[in-house]
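According to my numbering, the sequence shown is numbered sequentially starting from 1. What follows is a short report on a single structure.
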Amino acid sequence: MKSSIMSLAVSRHHRVAACIIAGFILCVVLAVLPVAAVVEPTIPAFLPLFAMAVFATEGLTAYLLWTQFMITRQAFLGALAGAYAYTAVTVAIQLLVFPGVFAPTGLLGAGAQSAVWIWAFWHLGSPLLMVTALMLRRALPASLPERGLRRAGLALLGAPMMLSLALCYVAIRHAEWLPQLVDDHSYRRLLHAPSGIGIALITAGTLLYLVFTTRLRTMLDLWLAVALFAALGDVVVSMVANSRFSIGWYVARLESVLASSAVLGVLIWEISHLYRELHAANARLSEFAARDGLTGIYNRRYFEERYPLALAGAHGTQRALSILMVDIDHFKRFNDTLGHLRGDECLIAVANALQASLRRSGDFVARFGGEEFAVVLPDCEREMAARIGENLREAIARLAVAAPFTDAGRVTVSVGVATSSVDAQAPAADLLAQADAALYRAKEAGRDRVSIWPAAPRAFAPAPTIQRRLS
């Protein structure tokens, strides 16, 4: 079972899906570029909704990547979580300082250049941190030591967040240190400024570095590439948009949401995929735990869990339940004479024959211990149970497993049958003791036969505990 997103291989379907999304992003960018500068009406609620969507998706992605880091101890995942945490913090601060959202000029003493420079720091820092994470994967491919892991994870997550706070502080309190990017809400300077061109080149370079170093072999690599491609579209359209609340500005914000959601989507998909695998593995483990290691039929533990439930169900529906105790005759002599390997083969053959002889879906057979088997028959009256017991005895006889030291010359079984009363609801232990007493009577009567409890009208008190039978 895959244990990490880094080990989840890319399927053909996911490559096709990624190509379709990337093609859609490219088509949108090419369609918007000619009209990107057209100013549209201001939608006051758009920016808060956009910012909260990016903050939530980036923050949740950072958390999920950090939990993956804590499980796998891969430094790359911790650094990548830090990159997403950096974006979450940055976009939250940009919302606070954006003019017209909470105050005409923004909160925290922001100036006219603060919001656009925070946007620049966002789109510049995020790809650079991703490159750092990718380089860290090549430098530290092995898992980090367990000791100090949480401290290392907090450092990988916290350092980018502190960097975001520092850069945002510069953009808010010391915007005069930075080149001017906005003229009366116009972004025209951004298209020709070294900072704008540099952001686009760094984003494109990060995308190319990711593709050539990873070949997009894993799900994480593939969808990181999609996220970077969407981020590149965001940068290009924002630079051409020229102003806030233009067509390009709105589309660029939607590209940001898509870039933020790409890796989150694959993380959620991978978690659900791993959950399905875990559920299937747990079901296989439960089935394995319920099976006898030698014969493959149900074991004593399964019998002790299911039998009382089946009897309680029979009592609840006012129906009879029968239990059969089946014991291989002279099995100790079989082992002593022919060896334990032949004895194991005999047990397997008998178990398979008993299992194959049960026709109803609710019936089951379990290895009770040693050479003894228990058969539970819900909704089965005494007469039908006796016939089934006889069928089981005959099925073992047809196996014709050689046992030259016995009178029959082959392996035989003795069967004890007990049936619950619809009127008197006996405890599970009492019914089992009745079947055991009937089996003991079959042994005393000469073996290779079926005995039903009670055999005669006289009262027969079963032993309070299961008796040791004659071999």
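C-beta atoms are modelled at their ideal positions from N, C-alpha and C, and glycine is treated no differently.
Would you kindly work out how many angstroms separate the C-alpha atoms of residue i and residue j, rounded to a whole number?
i, j, result
"residue 297", "residue 372", "12 Å"
"residue 293", "residue 70", "36 Å"
"residue 86", "residue 164", "6 Å"
"residue 352", "residue 392", "11 Å"
"residue 409", "residue 428", "37 Å"
"residue 25", "residue 250", "14 Å"
"residue 169", "residue 212", "36 Å"
"residue 367", "residue 358", "15 Å"
"residue 119", "residue 144", "34 Å"
"residue 402", "residue 324", "24 Å"
"residue 227", "residue 76", "17 Å"
"residue 196", "residue 273", "40 Å"
"residue 361", "residue 378", "10 Å"
"residue 200", "residue 122", "12 Å"
"residue 449", "residue 8", "58 Å"
"residue 399", "residue 349", "8 Å"
"residue 344", "residue 387", "28 Å"
"residue 347", "residue 375", "15 Å"
"residue 157", "residue 364", "55 Å"
"residue 423", "residue 436", "22 Å"
"residue 472", "residue 309", "Here the chain has residues from 1 to 471 only, and residue 472 is not among them."
Three-state secondary structure (DSSP) at residue i?
i, result
"residue 22", "helix"
"residue 417", "strand"
"residue 345", "helix"
"residue 101", "coil"
"residue 374", "strand"
"residue 251", "helix"
"residue 280", "helix"
"residue 42", "coil"
"residue 317", "coil"
"residue 458", "Confidence at residue 458 is low in this model, with a pLDDT of 38, below 50, so the placement of that residue should be treated as unreliable; the coordinate-derived value is given next. Three-state result, residue 458: coil."
"residue 466", "Any reading at residue 466 needs caution, since the residue's pLDDT is 42, under 50, leaving its predicted position unreliable; the model's value is listed next. If DSSP states are grouped into helix, strand and coil, residue 466 belongs with coil."
"residue 369", "strand"
"residue 294", "coil"
"residue 230", "helix"
"residue 337", "helix"
"residue 364", "strand"
"residue 256", "helix"
"residue 403", "coil"
"residue 54", "helix"
By a C-beta neighbour count over all protein chains shown, 10 Å radius and 16 as the cutoff for buried, is residue i buried or exposed?
i, result
"residue 289", "exposed"
"residue 434", "buried"
"residue 282", "exposed"
"residue 318", "exposed"
"residue 302", "buried"
"residue 208", "exposed"
"residue 52", "exposed"
"residue 146", "exposed"
"residue 275", "exposed"
"residue 49", "exposed"
Please name the residue in the options whose C-alpha comes closest to that of residue i.
i, options, result
"residue 179", "204, 158, 113 and 201", "113"
"residue 382", "369, 416, 399 and 302", "416"
"residue 229", "248, 263 and 247", "263"
"residue 505", "154, 183 and 56", "It is not possible to answer for residue 505, since the shown part of the chain is limited to 1 through 471."
"residue 286", "305, 176, 160 and 11", "305"
"residue 171", "14, 94 and 157", "94"
"residue 231", "364, 9, 22 and 16", "22"
"residue 396", "219, 413, 439 and 386", "413"
When every heavy atom of the ligand FMN is checked, does at least one fall within less than 7 Å of the C-beta of residue i?
i, result
"residue 178", "By its list of ligands, the structure shown contains no ligand whatsoever, and the ligand FMN lies outside what it can speak to."
Ignoring anything shorter than 4 residues, give me the alpha helix (DSSP H) runs that lie fully in the region 148-177, in order along the chain. 149-173
Kindly provide the ranges of any alpha helix (DSSP H) runs that are 4 or more residues long and lie completely inside the region 67-103, ordered along the chain. 75-97
Residue ranges of each alpha helix (DSSP H) within the region 105-139, 4 or longer: 114-139
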